[in-house]
Amino acid sequence: MIDVKKIDEIATKLNDAIPPGAKAFQEDMHAQFKQILQTMLSKMDIVTREEFDVQTKVLAKTRQKIDDLEKAIAALEEKQGQ
Numbered sequence: 005m006i007d008v009k010k011i012d013e014i015a016t017k018l019n020d021a022i023p024p025g026a027k028a029f030q031e032d033m034h035a036q037f038k039q040i041l042q043t044m045l046s047k048m049d050i051v052t053r054e055e056f057d058v059q060t061k062v063l064a065k066t067r068q069k070i071d072d073l074e075k076a077i078a079a080l081e082e083k084q085g086q
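What follows is the structure in structure tokens.
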């Protein structure tokens, strides 16, 4: 899932972009920014970099196994055909 600290960091950056005249609402807006970000990001199919890297490695291993099996099948078919 998404790191809450990152969401807070984004909300803080959005909060810092508020014009000085609206600073009275800063705390409330910060909380609302954070809530909106959490809600929107939770609706997206987002994975962490670590999860992505793990799945990439799993996919590479699976691809290698498929290649090995294809070669083994081709060798068996060739042997059977002789």
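Count along the sequence shown from 1, add 4, and you get the number used in my numbering.
We put the beta carbon where it would ideally sit given N, CA and C, even for glycine.
What is the DSSP secondary structure of residue i, reduced to helix, strand or coil?
i, result
"D7", "coil"
"D49", "coil"
"I22", "coil"
"Q86", "coil"
CA-CA distance, residue i and residue j?
i, j, result
"Q30", "D20", "9 Å"
"M44", "I50", "11 Å"
"D71", "K9", "42 Å"
"L73", "L80", "10 Å"
Could you tell me whether any Cβ in chain C is nearer than 8 Å to the Cβ of residue i?
i, result
"D12", "This model lacks chain C altogether; it includes just one protein chain."
Quick one, are the C-beta atoms of residue i and residue j less than 8 Å apart?
i, j, result
"I11", "L41", "yes"
On the CB-based measure, 16 or more other CB atoms within 10 Å of its CB, does residue i come out buried or exposed?
i, result
"A78", "exposed"
"A15", "buried"
Could you check whether the segment 29-47 touches the segment 66-73, counting it as contact only if at least three pairs of C-beta atoms, one from each stretch, sit closer than 8 Å? no
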